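Beneath this line is the structure, given in structure tokens, with notes to follow.
Number of protein chains: 2
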Amino acid sequence: MKVLGLIVEYNPFHHGHLYHLQQSIKKTRADVVIAVMSGPFLQRGEPAIVDKWSRTRMALQGGVDLVIELPTIYATQKAELFADGAVSILQDLSVTDICFGSENGEIEPFKQAVEWFNHNEGKLNDRIQLHLKQGKSYPRAFSEAYQSLSATDQLLDLSQPNNILGFHYVQSAMKRGSIINVHTITRTGSGYHDQTLSDTSIASATAIRGTMLNEDKGIEDVSAYIPSYTKDELANYYSAKGSFHSWESYFPFLQYKLMSISSEELNKIYECEEGLEHRLKREIVQSHTFEEFIDKLKTKRYTRTRLQRLLTHVYLQSSKSFVRQTLAEKKPPYLRVLGMSNNGRKYLSSIKKDRTIPVISRASESNHPAMEKDVIASQLHGLIHHPTKSTFMDEYKAIPIQFDEEKQVFR
Amino acid sequence: MKVLGLIVEYNPFHHGHLYHLQQSIKKTRADVVIAVMSGPFLQRGEPAIVDKWSRTRMALQGGVDLVIELPTIYATQKAELFADGAVSILQDLSVTDICFGSENGEIEPFKQAVEWFNHNEGKLNDRIQLHLKQGKSYPRAFSEAYQSLSATDQLLDLSQPNNILGFHYVQSAMKRGSIINVHTITRTGSGYHDQTLSDTSIASATAIRGTMLNEDKGIEDVSAYIPSYTKDELANYYSAKGSFHSWESYFPFLQYKLMSISSEELNKIYECEEGLEHRLKREIVQSHTFEEFIDKLKTKRYTRTRLQRLLTHVYLQSSKSFVRQTLAEKKPPYLRVLGMSNNGRKYLSSIKKDRTIPVISRASESNHPAMEKDVIASQLHGLIHHPTKSTFMDEYKAIPIQFDEEKQVFR
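Chains as they are written, first to last, in my numbering: chain A, 75 to 485; chain B, 75 to 485.
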């Protein structure tokens with residue numbers, strides 16, 4: 075039996091994701107597809123444009139059988155920890171194959187890069203330190219150090235965001251001595267960071283979000299790039315809540331938080347290092363908008379993504395001690411099921427005995443602090459919508475979404 | 075030379091305040107009038123309806139010569155500490171007379187009550203404890219204990235809010251061995267807590283605010299109860315900022331704060347006692363509005379005022395250790411001048427040598443943590459208005475408002 079594992083954010087689910095999903099199934103002849111998906115806050119340190127339930131429904135309609143939430147504490151991390159959290163979940167669910175999208179498109183260079191890394195870690199780290207001292211960002215230091223030291227035939231371009239993630243997926247799978255087969259598919263259509271919509275039917279999620287968040291445009295303008303069920307989901311979400319989510323809406327809360335917290339307390343927040351607490355407190359009172367704020371903070375050393383992740387930790391009040399304690403467990407403390415098809419449900423019960431991480435259907439089934447953080451993350455993600463009593467309590471009571479894939483209806 | 079001291083909030087300045095001011099001057103034949111005024115947050119644990127600068131301008135136009143800010147840490151306290159902070163400022167400014175408004179209207183009962191209290195503190199406190207154990211609020215326990223134990227001829231009704239404050243003014247003045255003459259004037263017109271406007275030209279500030287905050291009504295509906303300069307101030311404020319301040323506007327920030335903070339951290343907030351942290355965290359996710367929230371929290375033991383003060387400390391992130399450390403100094407650490415008339419300025423320079431508390435014209439002149447809290451309180455008070463860069467920085471740079479009382483113009 076072939077079990078395909080995907081690591082996704084689906085923010086929102088678009089034609090590019092669907093293409094990747096279908097190609098991955100074809101390539102691996104998968105019998106069941108599991109997606110580990112970020113919850114309300116994402117790897118690049120951003121609020122998801124719609125909540126995780128809406129994105130779960132898109133995934134199920136797109137053909138995923140089982141959607142598992144990547145705990146917030148892993149979802150909002152640099153590539154290495156994000157990848158390791160996701161791969162360890164997939165491993166625990168006994169997937170046979172993982173297939174990721176990359177700029178490169180060939181799996182060999184990833185494996186070679188990881189092999190090379192395993193034999194040259196000390197040398198590489200020395201060179202990375204050198205680059206960091208020159209004020210470069212970590213991803214850039216990493217990519218340049220690798221490029222200058224490695225002598226493999228098929229050099230992997232680690233300045234590309236999906237190649238970096240892929241490198242860490244492969245590294246994590248190999249490190250865990252797992253027997254998972256890793257595959258990669260070239261990302262088609264627009265690049266990851268593309269800001270504008272293209273002429274093809276595939277656009278980057280960044281471009282799609284940019285258009286959706288533009289008040290003069292909206293969902294109609296992106297409908298060529300998303301499946302009809304995504305369009306329906308987005309339309310329902312917007313009509314129920316009144317807006318999509320972007321950092322800009324959270325800016326008043328960030329202002330409040332950063333102005334009311336002392337520098338000493340701020341320094342206890344995860345990823346708040348090297349005096350960043352003073353920069354944050356100085357610039358927040360000088361900024362009108364989130365964009366202005368992040369522009370003032372950005373340096374060669376601190377990329378937008380790095381800073382957005384920090385601001386996510388600030389917003390969610392994730393302390394260094396809490397995050398480090400949870401990460402020290404080396405794998406996510408639970409598997410929370412967000413949604414499943416009939417096929418997914420059958421698979422899940424078939425592997426009941428093989429799992430080492432407990433499976434959770436409701437938040438209330440775990441009393442791990444990381445689960446408390448997941449609940450708070452969902453509540454604080456929804457805070458911009460003047461939430462009602464039920465919105466907050468829902469997160470405790472919510473059960474996995476059930477999808478009948480034959481009839482294409484939710485149950 | 076007669077120097078009159080008043081303790082005020084002017085939220086906003088209305089005919090009742092003007093009457094009190096004029097009667098007090100008449101009664102004491104004052105040559106100069108000093109008002110100690112709460113800043114952005116008030117004794118009953120509420121945001122002031124307009125900022126302190128606007129209320130300072132009202133006070134100067136009403137006839138006050140010198141407006142001093144009561145530091146936030148004293149302004150948001152129970153009657154005893156509020157009164158003591160204000161009286162110690164007035165004492166340091168060498169006032170000869172203090173005149174407060176009260177339900178009682180005669181000064182003797184206040185003096186007798188304080189004398190009685192000084193001789194019976196132990197007995198009174200025992201009785202108060204008894205009442206508290208029955209679940210009564212502190213003010214009620216205090217008033218009932220006094221009523222049942224005291225045998226003076228002219229019993230002071232300590233269930234009346236302005237009598238309580240007056241009692242503490244007199245107590246503080248006597249305790250400090252000051253030679254200040256204390257006077258009281260009967261409050262006319264509506265009662266302190268009256269919710270609706272009355273037929274006379276004097277209404278309670280509560281009723282005036284209630285009408286102003288009602289979107290269907292507004293400033294026009296209260297114009298019979300306020301001087302024309304108050305009306306102008308309010309109209310200017312509203313047109314510049316778009317709204318007045320009430321707890322309701324801060325509710326999203328309270329939701330954010332109470333949901334993101336842990337119970338352990340919440341317990342470190344001043345006045346968060348007896349497990350209140352759990353009640354706050356439980357009820358915040360069950361409430362749509364501030365009113366609903368406070369209604370759920372209210373008990374016989376915890377009055378609305380007591381809870382609002384707690385929520386002010388929560389909003390301003392005032393910890394037990396910070397507040398207690400500052401209060402241990404026994405008097406405010408600085409006198410911040412908010413505004414003065416020519417007369418006030420002359421008086422201030424005439425007493426330069428007699429003062430023990432430093433006078434401050436700009437926030438940046440003090441590095442006391444209480445001043446940092448005052449600045450933050452002003453910034454967080456303004457947060458509901460999508461403040462601009464200048465709004466935040468203004469608070470550091472602001473200098474006292476100068477009023478030419480002869481020409482009736484600001485300079």
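C-beta: ideal position from N, C-alpha, C; glycine also.
What you are looking at is a predicted structure, and each value in this text was computed from that prediction instead of being measured.
Within chain B, partners of residue i - CB distance below 7 Å
{"i": "M467 of chain A", "result": "V359"}
{"i": "M486 of chain A", "result": "Residue 486 of chain A lies beyond the range of chain A shown here (75 to 485); nothing can be said about it."}
Euclidean distance between Cα positions of residue i and residue j
{"i": "L401 of chain A", "j": "P145 of chain A", "result": "11 Å"}
{"i": "R250 of chain A", "j": "I358 of chain B", "result": "43 Å"}
{"i": "I238 of chain A", "j": "R214 of chain A", "result": "11 Å"}
{"i": "T379 of chain B", "j": "S337 of chain B", "result": "22 Å"}
{"i": "M248 of chain B", "j": "L340 of chain B", "result": "37 Å"}
{"i": "R131 of chain B", "j": "K210 of chain B", "result": "40 Å"}
{"i": "H91 of chain B", "j": "D306 of chain A", "result": "59 Å"}
{"i": "K76 of chain B", "j": "D171 of chain B", "result": "7 Å"}
{"i": "N85 of chain A", "j": "G284 of chain A", "result": "12 Å"}
{"i": "G175 of chain A", "j": "L116 of chain A", "result": "17 Å"}
{"i": "L78 of chain B", "j": "I108 of chain B", "result": "6 Å"}
{"i": "V106 of chain B", "j": "G413 of chain B", "result": "14 Å"}
{"i": "V433 of chain A", "j": "L409 of chain A", "result": "5 Å"}
{"i": "D468 of chain A", "j": "Q234 of chain B", "result": "44 Å"}
{"i": "K355 of chain B", "j": "K197 of chain B", "result": "37 Å"}
{"i": "K427 of chain A", "j": "I163 of chain A", "result": "15 Å"}
{"i": "E33 of chain B", "j": "A314 of chain A", "result": "Chain B is shown from 75 up to 485; residue 33 of chain B falls before or after that span and cannot be answered."}
{"i": "N288 of chain B", "j": "A281 of chain B", "result": "11 Å"}
{"i": "G137 of chain B", "j": "T150 of chain B", "result": "25 Å"}
{"i": "D200 of chain B", "j": "S217 of chain B", "result": "13 Å"}
{"i": "A298 of chain B", "j": "D369 of chain A", "result": "50 Å"}
{"i": "K69 of chain B", "j": "Y148 of chain B", "result": "Residue 69 of chain B falls outside the range modelled here, since chain B spans only 75 to 485, and no answer is possible."}
{"i": "F241 of chain B", "j": "E446 of chain A", "result": "48 Å"}
{"i": "Y311 of chain A", "j": "I450 of chain B", "result": "37 Å"}
{"i": "H387 of chain B", "j": "S393 of chain B", "result": "8 Å"}
Any non-hydrogen atom of the ligand NAD within 7 Å of residue i CB
{"i": "E365 of chain B", "result": "No copy of the ligand NAD occurs in the structure displayed, which carries no ligand at all."}
8 Å Cβ cut-off: residues of chain B touching residue i
{"i": "Y330 of chain A", "result": "F327, Y330, K331, L454 and L457"}
Listed by chain order, chain B residues near residue i by CB distance under 9 Å
{"i": "L514 of chain A", "result": "This structure cannot speak to residue 514 of chain A, because chain A is shown only from 75 to 485."}
Cβ-based burial, residue i [other Cβ within 10 Å; buried from 16]
{"i": "D158 of chain B", "result": "buried"}
{"i": "N178 of chain B", "result": "buried"}
{"i": "T102 of chain B", "result": "buried"}
{"i": "S452 of chain A", "result": "buried"}
{"i": "G316 of chain A", "result": "exposed"}
{"i": "R383 of chain B", "result": "buried"}
{"i": "R398 of chain A", "result": "exposed"}
{"i": "T304 of chain A", "result": "buried"}
{"i": "T270 of chain B", "result": "exposed"}
{"i": "E180 of chain B", "result": "exposed"}
{"i": "K291 of chain B", "result": "exposed"}
{"i": "K481 of chain B", "result": "exposed"}
{"i": "E195 of chain B", "result": "exposed"}
{"i": "Q203 of chain A", "result": "exposed"}
Contact belief for residue i with residue j at Cβ below 8 Å, rounded distance in angstroms
{"i": "Q391 of chain A", "j": "S334 of chain B", "result": "4 Å"}
{"i": "T258 of chain B", "j": "F191 of chain B", "result": "Contact doesn't hold; Cβ gap of about 17 Å is too wide."}
{"i": "S435 of chain A", "j": "Y470 of chain A", "result": "12 Å between Cβ atoms; not a contact."}
{"i": "Y243 of chain B", "j": "V169 of chain B", "result": "With 8 Å as the limit, Y243 of chain B and V169 of chain B do not qualify as a contact, their Cβ atoms being about 12 Å apart."}
{"i": "Y330 of chain B", "j": "L457 of chain A", "result": "6 Å"}
{"i": "T262 of chain B", "j": "I253 of chain B", "result": "With a Cβ gap of about 29 Å, T262 of chain B and I253 of chain B do not count as contacting."}
{"i": "V124 of chain A", "j": "F318 of chain A", "result": "6 Å"}
{"i": "L155 of chain B", "j": "L422 of chain B", "result": "Contact flag wrong, Cβ pair sits at about 26 Å."}
{"i": "L134 of chain B", "j": "S415 of chain B", "result": "6 Å"}
| task | Within the segment 268-325 of chain A, note down every full alpha helix (DSSP H) run reaching 4 residues or more, in order along the chain. | result | Runs found: 279-287 and 302-315.
| request: Jot down the residue ranges of each uninterrupted alpha helix (DSSP H) in the segment 97-160 of chain A, minimum 4 residues, whole runs only, in chain order. | output: Taking only runs of at least 4 residues, the alpha helix (DSSP H) segments lying wholly in the segment 97-160 of chain A are 126-136 and 146-149.
| Within the segment 379-411 of chain B, ranges of the alpha helix (DSSP H) (whole runs, at least 4 residues) | Counting only runs of 4 or more, we get 394-401.
| Quick one: complete alpha helix (DSSP H) runs, 4+ long, within the segment 178-264 of chain A? | Whole alpha helix (DSSP H) segments, 4+ residues: 182-207, 212-223 and 235-249.
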